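Residue numbers (the numbering used here): 70 to 327. Where is the CB? At the ideal position from N, CA and C, for every residue including glycine. Here the structure is a predicted model, which is why all the values come from computation and not from measurement. These notes are about the structure you will find just below.
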């Protein structure tokens with residue numbers, strides 16, 4: 070249903086999307102995202118709750134969501150005024166979808182060439198900031214299963230050091246309900262936490278460490294909260310291992326934890 074409805078929307082809304090001005094054209098992807106969330110709730114039984122929306126700054130800022138699932142690539146669109154996403158350039162080549170990406174003026178990068186990628190990001194970000202847009206970058210670059218060891222790339226550090234903008238970390242547990250590389254979707258409630266913005270002015274390493282601590286700390290809390298819930302979705306091996314590590318660090322043995 071996800072792919073079928075997506076294809077129908079791309080075809081039906083094509084004339085409006087390409088004739089409308091940029092800001093009015095945002096109606097199409099945002100309406101599509103809301104439709105997908107509705108389907109996810111009513112077909113798969115998966116709801117979501119968001120906390121911390123009041124922490125989002127005004128104007129331009131950098132958004133740094135945890136990347137666990139296909140869900141987090143579209144679910145946030147309704148909440149942001151005018152986001153510009155940094156994505157791999159191959160997506161521009163997908164018929165219809167790539168046209169929408171171009172219309173919304175996203176920032177495509179060549180992952181195989183680090184220097185060209187940084188140059189593309191900096192030029193695109195500078196243009197987006199001049200327009201008052203929000204820059205979306207997934208710090209780990211690719212989807213990571215819940216509980217996996219964090220692997221934050223240098224791209225987010227480059228953006229933070231180059232542009233005088235706050236960075237807003239976003240933690241969630243969507244990877245448990247919409248797992249990567251899986252056809253299955255699991256019912257329940259996805260928890261999304263918009264965390265305190267990291268203000269500009271830190272050195273690169275301090276910023277990176279702060280981003281990891283805030284994001285991963287919130288994700289760890291979400292895992293622990295679900296670990297003993299009988300209605301929790303299946304935990305992948307990475308999540309089970311992480312729960313054991315967290316409990317061991319807290320002095321709780323697996324047998325005591327139920």
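Rounded distance between the beta-carbons of residue j and residue i, thought under 8 Å
{"i": "residue 102", "j": "residue 237", "result": "Actually they are not in contact, since the Cβ atoms of residue 102 and residue 237 sit about 19 Å apart, beyond 8 Å."}
{"i": "residue 126", "j": "residue 266", "result": "6 Å"}
{"i": "residue 144", "j": "residue 106", "result": "6 Å"}
{"i": "residue 135", "j": "residue 239", "result": "6 Å"}
{"i": "residue 226", "j": "residue 270", "result": "About 14 Å; that fails the 8 Å criterion."}
{"i": "residue 276", "j": "residue 229", "result": "5 Å"}
{"i": "residue 210", "j": "residue 222", "result": "5 Å"}
{"i": "residue 235", "j": "residue 78", "result": "The Cβ separation is near 33 Å, so there is no contact."}
Residues of its chain near residue i, where Cβ-Cβ distance is below 8 Å and the 5 sequence neighbours each way are ignored
{"i": "residue 242", "result": "137, 215, 259, 260, 288, 291, 292, 295"}
{"i": "residue 160", "result": "166, 167, 170, 177"}
{"i": "residue 300", "result": "257"}
{"i": "residue 118", "result": "258, 259, 260, 261"}
{"i": "residue 108", "result": "70, 71, 74"}
{"i": "residue 76", "result": "165"}
{"i": "residue 156", "result": "170, 175, 176, 177, 178"}
Nonlocal neighbours in the same chain, by C-beta distance under 7 Å from residue i, ignoring five residues either side
{"i": "residue 86", "result": "94, 97, 169, 172"}
{"i": "residue 158", "result": "177, 178, 179"}
{"i": "residue 246", "result": "115, 254, 255, 257, 259, 302"}
{"i": "residue 121", "result": "262, 263, 264"}
{"i": "residue 231", "result": "191"}
{"i": "residue 147", "result": "99, 102, 103"}
{"i": "residue 212", "result": "136, 137, 138, 249"}
Residues of its chain near residue i, where Cβ-Cβ distance is below 6 Å and the 5 sequence neighbours each way are ignored
{"i": "residue 154", "result": "175, 205"}
{"i": "residue 219", "result": "281, 285"}
{"i": "residue 152", "result": "203, 205"}
{"i": "residue 307", "result": "214, 216, 217"}
{"i": "residue 185", "result": "179"}
{"i": "residue 233", "result": "269"}
Residue(s) in a DSSP beta bridge with residue i
{"i": "residue 262", "result": "120, 240"}
{"i": "residue 157", "result": "178"}
{"i": "residue 257", "result": "115"}
{"i": "residue 267", "result": "236"}
{"i": "residue 152", "result": "203"}
For residue i, the first and last residue of its enclosing beta strand (DSSP E)
{"i": "residue 132", "result": "131-134"}
Endpoints, alpha helix (DSSP H) assigned at residue i
{"i": "residue 138", "result": "Looking at the DSSP string, residue 138 is not in any alpha helix (DSSP H), and its letter there is neither H nor E."}
{"i": "residue 292", "result": "273-296"}
{"i": "residue 146", "result": "Counting along the chain, residue 146 falls outside any alpha helix (DSSP H), and DSSP gives it neither H nor E."}
{"i": "residue 164", "result": "Neither: residue 164 is in no alpha helix (DSSP H) and is coded neither H nor E."}
{"i": "residue 77", "result": "71-81"}
{"i": "residue 308", "result": "306-318"}
Practice task
Go through the region 172-212 residue by residue and report every complete run of the alpha helix (DSSP H) that reaches 4 residues or more, in order.
Solution key: Listed in chain order, the complete alpha helix (DSSP H) runs (minimum 4 residues) inside the region 172-212 are 183-199.
Handout entry: Continuous alpha helix (DSSP H) assignments of at least 4 residues falling wholly in the region 205-250
Key = Runs of the alpha helix (DSSP H) inside the region 205-250: 224-231, 243-246.
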